[in-house]
């Protein structure tokens, strides 16, 4: 029984392999790879620069490459496939599960994709084309077709004898599916039920007819929610006629759960969930510059608001010094509300019926925190600058901006969702624009009213 | 075969229940709850204000309450338990799994906790105290003890007869564990192997001796990584002597995977992962004000830097107008790098050996994006203000700040991790301080050099 592996092992391995690569010990690396699980090799590739990746890839046994491709994130996989010849891709494809292979093929350029399909034998090609006919990111796109189906009238004894002859079950099998003569799904029999029932019983007697089947067009994030809700290990997939098409297993769903949870964080920073940490500099620069450009426009809007008050800024430099304070606090407070609401929406806690409750709550929280920090900052400014009016002005602006931040932090994602725009992606830009503009306007506007000549 | 349930169902139900509550139709709500799965009732409670939650809780059948408590997030659970009498908690506890009950008890105040333990029968008390002796957030804290153990010399036929007598397996059983005479774990037998092997074979012949066992002190996020790495459905838990203590199942691990993935996003906004979306206003205000206070201090540092340049700001109001631009872009660029690095660290892609690579890469990306947007903003300012020197000054500051943002975005989380501080929590505050201070200093400092009188 092997001891538990530490997280640091992969970092040690990375060092070892990099040292070996630098000294040109390719044979040594090739040997190491023969004894590493696919998951670890994938992790190693993800942790390397795109240049090392291509060298490492050459050193991996082609029989293992398919399994490793399955474990890689989309961007890294694309980068590797781009450098492979179509015949080699086709050779690797042979050992892969149909659902994983379809996922890999989707990421290939059209010309390569067709070449790969053409170099496959006709039976495999038909199965892959079938898998590709379902949309990506749906139940059809992630299901396996290697299900074992049973007829309700057979006895358990017969099934057990059949299974013993078969000698092996498809990976991660926890249930068999029961179908009628038209191949329509009617229920499931778990392995646990099979081994605890009496051999002479018929399948019909131990079938769970309440098993929920997933329709093939269901979106994958909906599939993930169903798995979480029901604590499933696997679920049957059916077409519109109720015919059984395949099954989805929990290992495919875990990736979706992780990606869905990461999606909000990455989007809020303007990054793709699949962004490759070690992408080439030029590629990363391109990917990020769009987001920076969008933010520059919002920053220029704040500049435009400030420039409306150039007169009073010229009169009182202290206003210029203090001008960043209120927008900054508004941005932080608004971002807290936004993050909470985006998570609440993702978990299904916030919807049309309780949107008003959360709106009122966040406005109240913003107002109260505005009050606390308004009093605090007013005291600091009043003591530092010996100017009670200035303290009052910044306090008012703070109170107003934090209240607006609470309002905008709830309203922005809700409105964006209604417009079918991803709140995690667009929310923070819009929110920051609001809190910047309102903050500057409230501070410099009030200052103009009370201090302007 | 029921049709697939839509995500909107829970929102419709929420509306229906709230309407019923408002009209005082308590009996109706109580009846509705009798036909709803625990997961859905938990979702409903999470989506309600703390006041409604306590009313709703009274209407839930006590036999169901235990199962619902298991599904609730920590903060919501605490809120409900705080309002229950210890005897009632004890009554609810009776129907719960030991691991879940231990988790619930941990969240209770000491006095209530002892009262609950005292009101349990001695056998249950011993089992719960045993579960509580393992630290929370470790393998021991999340394992179940309801494993089925086998001896290697028994034949499959005997096992099958035993299982048929038993009639039922513990929930989510996919494997049995094989132990020696000292109850030490030696391997596992999957249900799939059991049904495909010949009845006369001995367990020893179909045992997988390579099965990895998790030691009881392993941290839960490490457990989650092992499950993801090996695509496990369950795993045995052993003590330091190799004795089998229990098993962990994938349904408990999915919660950890989701929480780990959400943790970074919530922490980056200064929120607790378990934060209750519908917490009372006062509580939310308190929880968020600390973070706002920390950010106020960093904002005041930016103000302090600006105030060093009050002279030139008084001379040229345009500097005051443009002063927010460079810090804002630095903050956005730095936050992109920070988010990428925090995710990379969480996935195990970034460690000591490739830290230098990502550092160089992000500095290069920051420099290139700095160059692009420096040229862009220089053109705008030069055309708008007819001032090429001013354009050059802001361009220099932009280039410098975005390069520093790339550097700080990588260095900050790496240094924080070395100091055992959560990079997701402290990273964004420190990073923003750096990009604010450097941005203002670079812009106003250069302006003083070239434009100051």
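Chains as they are written, first to last, in the UniProt record's numbering: chain A, 1 to 453; chain B, 1 to 453.
Here a beta-carbon is modelled for each residue, glycine too, at the ideal position from N, C-alpha and C.
Looking at C-alpha atoms only, which residue of A:362, A:159, A:395 is the closest neighbour of residue 412 of chain A?
-> If you number the first chain from 1, residue 412 of chain A lands on position 412. Taking only the C-alpha atoms, the option nearest residue 412 of chain A is A:362.
Is the segment 124-133 of chain A close to the segment 151-160 of chain B, with three or more CB pairs under 8 Å?
-> no
Along chain B, which residues have their Cβ under 7 Å away from the Cβ of residue 354 of chain A?
-> What you label residue 354 of chain A is simply residue 354 of the first chain in a count that begins at 1. Near residue 354 of chain A (Cβ distances below 7 Å), the residues of chain B are 14, 47.
What residues of chain A sit near residue 229 of chain B, judged by a beta carbon separation below 7 Å?
-> In the second chain, residue 229 of chain B corresponds to position 229, counting from 1. Here the neighbours are 39.
For residue 55 of chain A, count neighbouring Cβ atoms within 10 angstroms of its own Cβ and tell me buried if that reaches 16, exposed if not.
-> The residue labelled residue 55 of chain A in the question sits at position 55 within the first chain. By the 10 Å Cβ count, residue 55 of chain A comes out exposed.
Would you call the CB atoms of residue 299 of chain B and residue 249 of chain A closer than 8 Å?
-> Numbered from 1 along the second chain, position 299 holds the residue referred to as residue 299 of chain B. Numbered from 1 along the first chain, position 249 holds the residue referred to as residue 249 of chain A. It is not a contact, given that the beta carbons lie outside the stated cut-off.
Any Cβ of chain A within less than 8 Å of the Cβ of residue 246 of chain B?
-> The count along the second chain starts at 1 and reaches residue 246 of chain B at position 246. Chain A, which has no Cβ nearer than 8 Å to the Cβ of residue 246 of chain B, makes this no.
So is residue 433 of chain A buried or exposed if we call it buried at 16+ other beta carbons inside 10 Å?
-> As a working note, residue 433 of chain A is residue 433 in the first chain. It is buried - the Cβ of residue 433 of chain A has at least 16 other Cβ atoms within 10 Å.
Give the DSSP-derived three-state secondary structure of residue 216 of chain A in the structure shown.
-> Along the first chain, one-based indexing puts residue 216 of chain A at 216. Three-state DSSP puts residue 216 of chain A in coil, outside helix and strand.
Under the DSSP definition of a beta bridge, which residues are partnered with residue 236 of chain A?
-> As a first step, residue 236 of chain A must be located in the first chain, where it is residue number 236. Answer is A:247, bridged to residue 236 of chain A.
My guess is that residue 276 of chain A and residue 73 of chain A are in contact by the Cβ rule of under 8 Å, so how many angstroms apart are they, rounded?
-> Your numbering for residue 276 of chain A matches position 276 in the first chain. Your numbering for residue 73 of chain A matches position 73 in the first chain. Confirmed, about 7 Å.
Looking at the C-beta of residue 2 of chain A, does it have a partner C-beta in chain B at a distance below 8 Å?
-> Reading the first chain from its first residue, position 2 is the one you call residue 2 of chain A. Residue confidence is low: residue 2 of chain A scores 41 on pLDDT, short of 50, so the model does not pin down where it sits. No coordinate-derived value is stated.
Between which two residues does the beta strand (DSSP E) containing residue 456 of chain B stretch?
-> Beyond the ends of chain B as shown, which are 1 and 453, falls residue 456 of chain B; an answer cannot be given.
From residue 430 of chain A to residue 445 of chain B, what distance separates their C-alpha atoms?
-> Position 430 of the first chain, counted from the first residue, corresponds to residue 430 of chain A. Position 445 of the second chain, counted from the first residue, corresponds to residue 445 of chain B. So the alpha carbons of these two residues sit roughly 31 Å apart.
Tell me whether residue 6 of chain B is buried or exposed, calling it buried when 16 or more other Cβ atoms sit within 10 Å of its Cβ.
-> Taking the first residue of the second chain as 1, we reach residue 6 of chain B at position 6. Low confidence applies to residue 6 of chain B: its pLDDT is 48, below 50, so where it sits in the model is not reliable, and the reading given next is rough at best. Burial call: exposed.
By Cβ distance, which residues of its chain are closer than 8 Å to residue 3 of chain B, with the 5 residues on each side in sequence left out?
-> Within the second chain, the letter at position 3 stands for residue 3 of chain B. Bear in mind that the predicted position of residue 3 of chain B carries a pLDDT of just 43, short of 50, making it unreliable; the figure below should be weighed with that in mind. Excluding sequence neighbours, residue 3 of chain B sits near nothing in its chain.
May I have a chain-ordered list of the alpha helix (DSSP H) segments no shorter than 4 residues that lie completely inside the segment 135-198 of chain B?
-> 139-142, 156-166, 191-196
If residue 177 of chain B sits next to residue 244 of chain B, beta carbons under 8 Å apart, how far is it from one beta carbon to the other, in whole angstroms?
-> On the second chain, position 177 is the one that residue 177 of chain B refers to. On the second chain, position 244 is the one that residue 244 of chain B refers to. Indeed they touch by this definition, with Cβ atoms about 6 Å apart.
Taking 8 Å as the CB-CB cut-off, is residue 192 of chain A touching chain B?
-> Counted from its first residue, the first chain places residue 192 of chain A at position 192. So, interface residue.
Residue 291 of chain B versus chain A: which residues are under 8 Å apart at the beta carbon?
-> The residue you call residue 291 of chain B lines up with position 291 of the second chain. Neighbours of residue 291 of chain B on chain A, chain order: 332, 336.
Does any heavy atom of the ligand ATP sit closer than 7 Å to the C-beta of residue 197 of chain B?
-> Ligands in the displayed structure: none, and consequently the ligand ATP is not present.
Who are the near neighbours of residue 10 of chain B in its chain, counting only those whose CB is closer than 6 Å to its CB and skipping five residues on each side?
-> Taking the first residue of the second chain as 1, we reach residue 10 of chain B at position 10. Here the set comprises 43.
Got a sec? Which residues, its chain only, sit under 8 Å from residue 1 of chain B by beta carbon, not counting five neighbours each side?
-> The count along the second chain starts at 1 and reaches residue 1 of chain B at position 1. The pLDDT assigned to residue 1 of chain B is 40, lower than 50, so where the model puts this residue is not dependable; a value taken from the coordinates is nonetheless given after this. The answer is none, since no qualifying residue turns up.
List the DSSP bridge partners of residue 272 of chain A.
-> Walking along the first chain from the start, residue 272 of chain A turns up at place 272. The partner list for residue 272 of chain A (beta bridge, DSSP) is empty, contrary to what the question assumes.
If you measure from the beta carbon of residue 344 of chain B to each beta carbon in chain A, is any gap under 8 Å?
-> For the purposes of this step, residue 344 of chain B is taken as residue 344 along the second chain, with counting starting at 1. Taking Cβ atoms only, chain A reaches closer than 8 Å to residue 344 of chain B, which makes this a yes.
Status (buried if at least 16 other CB within 10 Å, exposed otherwise) for residue 19 of chain A = Position 19 of the first chain, counted from the start, is the residue given in the question as residue 19 of chain A. Exposed: under 16 other Cβ atoms inside 10 Å.
Where DSSP assigns a beta bridge to residue 208 of chain A, which residues make up the other side?
-> Here residue 208 of chain A corresponds to residue number 208 of the first chain, with the count starting at 1. Paired residue(s): A:188.
State yes or no: is the beta carbon of residue 84 of chain A nearer than 8 Å to at least one beta carbon in chain B?
-> In the first chain, the residue the question calls residue 84 of chain A occupies position 84. No, no contact with chain B.
Three-state secondary structure assigned by DSSP to residue 93 of chain B = For the purposes of this step, residue 93 of chain B is identified with residue 93 of the second chain, where counting begins at 1. Three-state DSSP puts residue 93 of chain B in a helix.
C-beta neighbour in chain B for residue 270 of chain A, strict 8 Å = Position 270 of the first chain holds residue 270 of chain A. Yes - at least one Cβ of chain B is within 8 Å of the one on residue 270 of chain A.
Please report how far the alpha carbon of residue 207 of chain A lies from the alpha carbon of residue 199 of chain B, in whole angstroms.
-> Residue mapping note: residue 207 of chain A aligns to position 207 of the first chain, counting from 1. Residue mapping note: residue 199 of chain B aligns to position 199 of the second chain, counting from 1. Approximately 24 Å between the Cα atoms of the pair.
Alpha carbon to alpha carbon, how far is residue 92 of chain B from residue 254 of chain B?
-> Within the second chain, residue 92 of chain B is the residue found at index 92, counting from 1. Within the second chain, residue 254 of chain B is the residue found at index 254, counting from 1. Spanning the two alpha carbons is a distance of roughly 25 Å.
Chain-ordered residues of the segment 113-132 of chain B with a beta carbon less than 7 Å from chain A = none
Output the distance between the C-alpha atoms of residue 293 of chain B and residue 369 of chain A, rounded to the nearest integer angstrom.
-> Numbered from 1 along the second chain, position 293 holds the residue referred to as residue 293 of chain B. Numbered from 1 along the first chain, position 369 holds the residue referred to as residue 369 of chain A. In a straight line, the C-alpha of residue 293 of chain B is about 10 Å away from that of residue 369 of chain A.
For the candidate residues A:47, A:241, A:406, whose alpha-carbon lies nearest to that of residue 279 of chain A?
-> Translated into the one-based positions of the first chain, residue 279 of chain A becomes position 279. Selected option, being the one with the closest Cα: A:47.
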